[in-house]
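The opening residue of the sequence shown carries number 13 in our numbering; numbering runs sequentially from there. Each residue gets a CB set at the ideal place from its N, CA and C atoms; glycine is no exception. First up is the structure itself, then whatever we jot down about it.
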Amino acid sequence: MPAVTTILAGSLLAERISAAVPDSIEETAEEWVRVRPEKLLEVARFLHDDRDTDARYLIAVSGVDYYDHFEVVYHLASLSHNHELVLKVRADHEEPEVPSVTPVWLGAHLQEREIYDLLGIRFPGHPNLKRIFLWEGFPGYPLRKDFMNLPGGVRPGLQRFPKEDPDQWGGEFRAD
C-alpha cells in the first residue's frame with residue numbers, strides 16, 4: 013500500500029520557520045502559514061534547504077484577490093519526507109509586490125509571470141517579468157475582481173457578442 017502524503021500542520025511549520033527566521037510569521041492556521049513579504053526569500057531558502065522540511069518541490073504558485081489585498085499562495089512538497097506545506101504572503105491591493113522566489117525554485121518562473129499577467133502582482137527579482145498570455149498594453153488585469161471597472165470608461169473584452177451587432181446584419185438577432 014502506498015504511503016499517504018501528509019500536510020505539515022501550520023503550527024509545526026510556524027515553529028520551524030520562527031526558529032530559523034525570527035519575526036517572519038504573520039499568521040498561522042491549521043494547514044498554512046503566512047509570512048511577511050520582506051522575509052519571504054529567507055523563509056523560502058530555509059524551507060528548501062532545511063533537512064527536516066526539505067521543501068525542494070514547488071507544486072504551484074497562485075494569486076488570490078480579496079478586494080482589499082492580494083495573497084500569493086505557495087504549495088510546496090518534500091519528496092523525501094512525503095509531506096506538503098502551504099506558505100502564504102499578503103500584498104497591498106494598490107501596489108501589489110511580492111519578492112520573486114525564482115532564485116529558490118526555478119519552477120516559479122512561469123507561474124509568477126502568469127500571476128503578474130492576470131492579477132498585476134509584481135515580483136521584484138524575477139528575471140523576465142512580462143505578460144505571458146496578453147499583449148503589452150492590455151488594459152488591466154482580467155482576474156482582478158474590479159477588472160470590469162477600468163478607469164477612463166475603458167471596457168475590456170468584446171462590447172457585445174458576435175452577430176449581436178444590429179448594424180452588421182440588418183437589425184434582428186440571429187442565432188446562426
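Residues that DSSP places opposite residue i in a beta bridge
{"i": "H87", "result": "A72 and V98"}
{"i": "E50", "result": "For E50, which the question treats as bridged, DSSP gives no partner whatsoever."}
{"i": "H81", "result": "D104"}
{"i": "I12", "result": "Shown here, the chain extends from 13 to 188; a query on residue 12 therefore has no answer."}
{"i": "T40", "result": "V45"}
{"i": "R134", "result": "E109"}
Local conformation of residue i per DSSP, three classes
{"i": "F150", "result": "coil"}
{"i": "R57", "result": "helix"}
{"i": "E106", "result": "coil"}
{"i": "R28", "result": "helix"}
{"i": "W144", "result": "Residue identity differs from the one stated: residue 144 is Ile in this sequence, not Trp. In the structure shown, I144 sits in coil (DSSP, three-state: anything other than H, G, I, E or B)."}
{"i": "L155", "result": "coil"}
{"i": "A120", "result": "helix"}
{"i": "R125", "result": "helix"}
{"i": "T65", "result": "coil"}
Local Cβ density within 10 Å of residue i, reported as buried at 16 or more and exposed below that
{"i": "G75", "result": "buried"}
{"i": "R186", "result": "Its pLDDT being 45, under 50, R186 is placed unreliably by the model, and the measurement read from it follows with that caveat. With fewer than 16 Cβ atoms within 10 Å of its Cβ, R186 is classed as exposed."}
{"i": "E106", "result": "exposed"}
{"i": "H60", "result": "buried"}
{"i": "A26", "result": "buried"}
{"i": "V139", "result": "Going by the sequence as given, residue 139 is Pro instead of Val. P139 comes out exposed."}
When the options are compared against residue i, the one with the closest alpha-carbon
{"i": "P136", "options": "S112, A56 and L155", "result": "S112"}
{"i": "D77", "options": "L131, V16, G152 and T18", "result": "L131"}
{"i": "P154", "options": "Y128, L141 and N140", "result": "Y128"}
{"i": "I19", "options": "E43, A56, L53 and H138", "result": "E43"}
{"i": "Y86", "options": "S92, A32, N94 and T114", "result": "T114"}
{"i": "T17", "options": "E39, E107, N94 and D158", "result": "N94"}
{"i": "V110", "options": "D80, N140, G149 and R48", "result": "R48"}
{"i": "E124", "options": "S90, V84, P151 and L88", "result": "V84"}
{"i": "A32", "options": "P108, R46 and F58", "result": "F58"}
{"i": "L88", "options": "E50, F82 and V45", "result": "V45"}
{"i": "K157", "options": "G149, T65 and H81", "result": "H81"}
{"i": "G22", "options": "T40, R63 and D62", "result": "T40"}
{"i": "A15", "options": "L91, D64 and L53", "result": "L91"}
{"i": "V55", "options": "D66, I29 and D64", "result": "I29"}
{"i": "S108", "options": "T65, E38, K51 and R134", "result": "It should be noted that the sequence gives Pro, not Ser, for residue 108. Ranking the options by Cα distance to P108, first place goes to R134."}
{"i": "D66", "options": "F150, V116 and G149", "result": "V116"}
{"i": "L53", "options": "S36, Y79 and L141", "result": "S36"}
Checklist entry - Pairing CB atoms from the stretch 139-150 with CB atoms from the stretch 93-109, are three or more of them under 8 Å? => result Fewer than three pairs of CB atoms, one per stretch, sit closer than 8 Å, so the stretch 139-150 makes no contact with the stretch 93-109.
Checklist entry - Can you find at least 3 beta carbon pairs, one from the stretch 117-135 and one from the stretch 70-86, that sit closer than 8 Å? => result Output reads yes: the stretch 70-86 touches the stretch 117-135.
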